[in-house]
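Using numbering that gives the first Met the number 0, read the first sequence as starting at 0 and increasing by one per residue.
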Amino acid sequence: MTSILHTTRRTQGNGAYRAADIGRQVAVYGWVQAYRHHGGVVFVDVRDRTGFVQIRCESDRAAVHALALSLRPEWVVAATGKVISRGANVNPKIPTGEVEVEVDGLEVLSEAQTPPFEIKDGVHANDDLRLQYRYLDLRRPELNRNFAARSQVTQLTRKYFIDNGFLELETPILTKSTPEGARDYLVPSRIHPGQFYALPQSPQQFKQLFMMAGMDRYMQICRCFRDEDLRADRQPEFTQLDLELSFATREELYELMEGYVAFVWKQFLGVEVPLPLRRMTYAEAMDNYGCDKPDLRFGLPLTDLTETLRGQTEFRPFVAALEAGGLVKALAIADGAAFSRKDLDVTFPQEAAAHGAKGVAWARIAAAGEWSGPVAKSLSPELRAALQDRLGAAEGALVLFVADKPAVANAALARLRLVVGERLNLLDKNRWAFLWVTDFPMFEYDEAEGRWAAMHHPFTSPRPDHLERLERDPGAVLAQAYDLVLNGTELGGGSIRIHQSDVQAKVFRLLGLSDDQIRAKFGFFVDALQYGTPPHGGIAFGLDRMMMLLVGADSLRDVIAFPKTARATCLMSEAPCTVEPKQLAELHIAAAN
RNA sequence: GGAGUGGUAGUUCAGUCGGUUAGAACGCUGGCCUGUCAAGCCAGAGGCCGCGGGUUCAAGUCCCGUCCGCUCCGCCA
């Protein structure tokens, strides 16, 4: 018997069947989603990635009917037949519910073991099981859709940038290890004993070299690798939309990227993103939200009460923090009643403690001047009035205070702000709060190493008006660096680069690199800078994170086809793994234990 | 490196103060069933309670260790 596969091509995706198809002779291919036996008639839902359609196998076709009775979930089948109306039995709950296929030919293309979990939306197995059987998890409509969406968005991305004059160029995967930044994944060289390639953390230097090479506008959708610990929004390998352009200022780059997100949001979601996007300096973000990627889907800004409180209260934690040069900041929540004593005593302190805070002081405002809570008795009526005024807090409000070193107070309150926002249901997945955070500091002091470190990377250009501060006061130099933030997630970051070799040399020196080190690590790059470098800048954009937000996923794992676990393993393939001693010998390396 | 949390049937979970034979739902197997579509009805099979040690007359339950998943801190230019 000749297989249906060889005689009749698949007519269309199974999810596409509609009333307009009635009367067509068709071929349906796919997986058995479900079957319902009624003795004389068997209904089977046949699924592919476009959806599913019901086929009907009647007992008057004995062979078809007998075979239909034997079908089991996830078997792969082919069926031919005629599309007919379901008449009075239309199912309005499914897109293909008006029709069914009356089967005249049925074939099992592949049988399946009972899967370890049901292939259905809403049926969630544990993460480890899902990862072990990733190919089955991906078969679930929900995940299947995520990857169709991802394909669509990468196509939109290419179209937008190519239409804007960009060249799609490739950069090496086997490249050179660089100091600073994330830990590199290393690849031993067989040909050069004792030497190693590194996988790229990003194609940073190569894309700048493209600018020096006159490529003008470069884009790439590229894989990047960082050997650091994972998070829900961090995988060891991830996909970056990488861009660089010459002869452009920050403004031009903002415009370009704003056009890009507006294009993707419009084409993919049908959502208009109002332009220009909001902007905020790093300093403003830290002051008002305690972090450099504030979620602006809701308000709840932080208020700095340091000067209001200084010398005005004996409350020990406040006094101690102020004496140590710290600050007191607070979060005023209008709907204080939404939070219980348990939140105040357990949840909030725990969250704050994770960021190093020793505690969270709180006060409830029953009416003007009528405060309760552990801090209240240490605050005079005048001080209460001043605080209420500064906080804009009315009756019914709850105020959370954290007094600590600036970094700790900010981090703890930024976290509390998110916890509160989540509890008040302010994190609407259908709201899109884009934000440029600009003017990052060039350097931050690394206490452990006792030296300055680049906050972004060492090729970032200082603001031109801050050049003279480079040697005098490195901590005060602001960079021409920017992050694009969406709903509290850092989508991308970039900068205008240094294109003058003398400035680049100064920055390297400031970072504590000797001439020898500069030569060894960046020699080719420093040389290249001296052969006519156009002013240029760019951005790297996390495509996985953008997809996560676009499809409403909670984890990067739902938009990366074959992701790693929190311990950077692949539960399906069992990578990483040991290798044959022979392989190690060829690479001139030995395992340490 | 650290903190939290989870691991019980194929799956998702429940399992009281440590107590007799470890349950439910879904799934699976068999049967019935001609309009189901989360099909229904009947019957059945299915357990190393993550692993190792300890306490106890007795451990899924308590203690210690360990492995694995997840979340977070550190880390991530």
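Beta carbons: idealized from backbone N, C-alpha and C, even for Gly.
Small disclaimer: the values here were computed from a predicted structure and weren't measured.
For residue i, list the residues DSSP reports as bridge partners.
{"i": "Ile118", "result": "According to DSSP, which records beta bridges pairwise, Ile118 is partnered with nothing at all."}
{"i": "Ala26", "result": "Thr79"}
{"i": "Leu485", "result": "Phe433 and Thr488"}
{"i": "Glu369", "result": "Ala366"}
{"i": "Glu167", "result": "Met218"}
{"i": "Val603", "result": "With the chain running from 0 to 592 in the structure shown, residue 603 is simply not present."}
{"i": "Thr280", "result": "Thr437"}
{"i": "Ile3", "result": "Note: Ile3 sits in no beta bridge, so no partner."}
{"i": "Thr459", "result": "Arg496"}
{"i": "Val98", "result": "Ser84"}
{"i": "Trp361", "result": "Leu399"}
{"i": "Phe540", "result": "Leu240 and Gly491"}
Can you list, in chain order, the residues of its chain whose CB lies under 6 Å from that of residue i, leaving out five sequence neighbours each side?
{"i": "Pro140", "result": "Asp120"}
{"i": "Gly511", "result": "Arg450"}
{"i": "Ser371", "result": "Arg363"}
{"i": "Pro473", "result": "Phe442, Trp451 and Leu509"}
{"i": "Gly335", "result": "Arg363, Gly395, Ala396 and Leu397"}
{"i": "Asp183", "result": "Ser176 and Ala197"}
{"i": "Gly44", "result": "Note on identity: in this sequence residue 44 is Asp, with Gly being the wrong assignment. Closer than 6 Å at the Cβ level, and outside the excluded window around Asp44, lie Gln32, Ala33, Phe51 and Gln53."}
{"i": "Arg8", "result": "none"}
Alpha carbon to alpha carbon, how far is residue i from residue j?
{"i": "Ala67", "j": "Gln151", "result": "36 Å"}
{"i": "Tyr444", "j": "Ala452", "result": "6 Å"}
{"i": "Val31", "j": "Arg133", "result": "19 Å"}
{"i": "Met218", "j": "Leu242", "result": "4 Å"}
{"i": "Val52", "j": "Glu117", "result": "18 Å"}
{"i": "Val186", "j": "Ser2", "result": "48 Å"}
{"i": "Ser377", "j": "Ala360", "result": "12 Å"}
{"i": "Thr437", "j": "Pro348", "result": "31 Å"}
{"i": "Glu573", "j": "Asp136", "result": "17 Å"}
{"i": "His64", "j": "Glu110", "result": "17 Å"}
{"i": "Arg216", "j": "Gly164", "result": "7 Å"}
{"i": "Leu417", "j": "Lys404", "result": "20 Å"}
{"i": "Trp142", "j": "Gly96", "result": "According to the sequence displayed, residue 142 carries Leu and not Trp. Answer to the nearest angstrom: the Cα atoms are 23 Å apart."}
{"i": "Gln266", "j": "Ala147", "result": "14 Å"}
{"i": "Ala353", "j": "Ala411", "result": "8 Å"}
{"i": "Arg277", "j": "Ala480", "result": "16 Å"}
{"i": "Phe42", "j": "Arg129", "result": "29 Å"}
{"i": "Val476", "j": "Thr305", "result": "25 Å"}
{"i": "Met547", "j": "Ala432", "result": "15 Å"}
{"i": "Arg249", "j": "Pro115", "result": "52 Å"}
{"i": "Thr312", "j": "Arg383", "result": "11 Å"}
Compare the Cα-Cα distances from residue i to each of the options and report the closest residue.
{"i": "Met571", "options": "Val578, Lys563 and Thr577", "result": "Lys563"}
{"i": "Ala362", "options": "Ala396, Ala351, Val345 and Ala352", "result": "Ala396"}
{"i": "Cys56", "options": "Gly50, Met279 and Ile83", "result": "Ile83"}
{"i": "Asp47", "options": "Tyr16, Ser58 and Val41", "result": "Tyr16"}
{"i": "Phe205", "options": "Asp183, Asp228 and Thr174", "result": "Thr174"}
{"i": "Arg60", "options": "Thr49, Pro72 and Thr79", "result": "Thr79"}
{"i": "Glu470", "options": "Leu426, Leu509, Cys290 and Arg230", "result": "Leu509"}
{"i": "Ala540", "options": "Gln194, Glu369, Thr156 and Lys265", "result": "Rather than Ala, the amino acid found at residue 540 in this sequence is Phe. The shortest Cα separation from Phe540 among Gln194, Glu369, Thr156 and Lys265 belongs to Thr156."}
{"i": "Gly355", "options": "Val407, Pro440 and Glu306", "result": "Val407"}
{"i": "Phe439", "options": "Leu399, Phe433, Leu321 and Met279", "result": "Met279"}
{"i": "Gln499", "options": "Asp514, Val525, Ile21 and Thr488", "result": "Val525"}
{"i": "Glu283", "options": "Ala447, Leu301 and Val270", "result": "Leu301"}
{"i": "Arg35", "options": "Gln239, Ile588 and Pro72", "result": "Pro72"}
{"i": "Leu423", "options": "Ala384, Ile332 and Ala590", "result": "Ile332"}
Looking only at its own chain, which residues have a Cβ that is under 8 Å from the Cβ of residue i, when we skip the five neighbours before and after it?
{"i": "Glu169", "result": "Gln219 and Cys221"}
{"i": "Leu244", "result": "Phe165, Met210, Asp215, Arg216, Tyr217, Glu251, Leu252, Leu255, His535, Gly536 and Gly537"}
{"i": "Pro380", "result": "Gly368"}
{"i": "Lys81", "result": "Gly22, Arg23, Gln24, Val25, Val100, Glu101 and Asp103"}
What does a CB cutoff of less than 7 Å around residue i pick up in its chain, not counting 5 residues either side in sequence?
{"i": "Ile559", "result": "Gln234 and Asp543"}
{"i": "Lys428", "result": "Gly551"}
{"i": "Phe246", "result": "Pro533 and Pro534"}
{"i": "Ala567", "result": "Leu229 and Pro235"}
{"i": "Arg556", "result": "Pro562"}
{"i": "Thr6", "result": "none"}
{"i": "Leu586", "result": "Pro187 and Arg189"}
{"i": "Phe195", "result": "Ser176, Leu185, Val186, Pro187 and Ser188"}
{"i": "Met285", "result": "Asp291 and Asn409"}
{"i": "Phe317", "result": "Leu308, Val327 and Ala402"}
Is there contact here, the segment 283 to 296 with the segment 476 to 489, by at least three beta-carbon pairs under 8 Å? yes
If contact is defined by three or more beta carbon pairs under 8 Å, each pair taking one atom from either stretch, is the segment 490 to 510 in contact with the segment 452 to 469? As far as the Cβ criterion goes, the segment 452 to 469 touches the segment 490 to 510, which means the pair count is three or higher.
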